[in-house]
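Oh and the sequence shown: position 51 is 51 in full-length UniProt numbering, straight run, nothing missing. Step one of this worksheet: look at the structure below.
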Amino acid sequence: MTIAIDWPLDANRIRRGMLNHTFGMVRRNSDGSRRPHQGWDFEAKPGTPCYAVADGQVVAVRNAGAYGLQVVIRFLFDFDDDGDADPLFAFYAHLSRADVKTGDHVERGQKIGETGNSGNARGMRGADQHLHFELRTVPIAGRGLGNRYSPMAIFRHCPLDAPAERLAA
Numbered sequence: 001m002t003i004a005i006d007w008p009l010d011a012n013r014i015r016r017g018m019l020n021h022t023f024g025m026v027r028r029n030s031d032g033s034r035r036p037h038q039g040w041d042f043e044a045k046p047g048t049p050c051y052a053v054a055d056g057q058v059v060a061v062r063n064a065g066a067y068g069l070q071v072v073i074r075f076l077f078d079f080d081d082d083g084d085a086d087p088l089f090a091f092y093a094h095l096s097r098a099d100v101k102t103g104d105h106v107e108r109g110q111k112i113g114e115t116g117n118s119g120n121a122r123g124m125r126g127a128d129q130h131l132h133f134e135l136r137t138v139p140i141a142g143r144g145l146g147n148r149y150s151p152m153a154i155f156r157h158c159p160l161d162a163p164a165e166r167l168a169a
């Protein structure tokens, strides 16, 4: 069973084309030790439309902490195309507005909100403005990389150099 997946923005490029804005132990503390980044940061000026990556249901819309305004969408994905799909959660953060509410059904490519500078993205300028996108196994995940997959698992390509464009555009 193939489940259609699309990108969250019209043009999707990793912030500044740098690996430290991708998933994994890619960031460094001031002492040089490594620390995790839980998702991908896509370059996006505030007000850029965000879209559902798959058909699913909105399980959370909230404004909290470092992530600011967030939307979480539950959807199914068949990792090995064996007909047995697993539930996943697409997590969108630092939004300026949400066009959906908890309980809404969304279709792949449907506009769900707009990017912004909420949470710890407040005050960022230029190429640092972004959509933080995560792929989770639970709707609300803790610190670290637990309960998360690299977005590479569904997109199969990390757009470091050139933007990946939405299929449903």
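From the three backbone atoms N, C-alpha and C, an ideal C-beta is built for every residue, glycine too.
Item: Can you give the Cα-Cα distance for D104 and R62, rounded to whole angstroms?; Value: 14 Å
Item: Please name the residue in E107, R28 and A44 whose C-alpha comes closest to that of R16.; Value: A44
Item: In the DSSP assignment, find the beta strand (DSSP E) that holds I73 and state where it starts and stops.; Value: G68 to F77
Item: Taking the C-alpha atoms as reference points, what is the distance between H130 and H94?; Value: 8 Å
Item: How would you label residue 172, buried or exposed, when you count the other beta carbons within 10 angstroms and need 16 or more for buried?; Value: Examination of residue 172 is not possible in this model, given that the chain is present from 1 through 169 alone.
Item: Starting from I154, follow the alpha helix (DSSP H) in both directions and report where the run begins and ends.; Value: M152 to F155
Item: For N117, count the other beta carbons within 10 Å of its own beta carbon; 16 or more makes it buried, fewer makes it exposed. Which is it?; Value: buried
Item: Which value, in whole angstroms, describes the spacing of the CA atoms of P159 and I14?; Value: 6 Å
Item: Would you mind reading off the limits of the beta strand (DSSP E) that contains A64?; Value: G56 to A64
Item: For F91 versus F133, is the C-beta spacing smaller than 8 Å?; Value: yes
Item: In chain order, what residues of the same chain lie with their CB nearer than 6 Å to the CB of Y149, ignoring the 5 residues before and after it?; Value: L135
Item: Going by CA-CA distance only, name the one from D81, F75 and M152 that's closest to G24.; Value: M152
Item: Would you identify the three-state DSSP class for R93, choosing helix, strand or coil?; Value: For the sequence presented, residue 93 should be read as Ala rather than Arg. Three-state result, A93: strand.
Item: Excluding five sequence neighbours on each side, which residues of the same chain lie with their C-beta closer than 8 Å to the C-beta of M124?; Value: N117 and H130
Item: With a threshold of 8 Å, are at least 3 pairs of Cβ atoms found where one atom belongs to the stretch 137-146 and the other to the stretch 31-43?; Value: yes
Item: With distances taken from CA atoms, which of G126, R28, G65 and A52 is nearest I140?; Value: G65
Item: Quick one: what does DSSP say R15 is sitting in, helix, strand or coil?; Value: helix
Item: Let me know if H21 comes out buried or exposed under the rule of 16 or more other beta-carbons within 10 Å of its beta-carbon.; Value: buried
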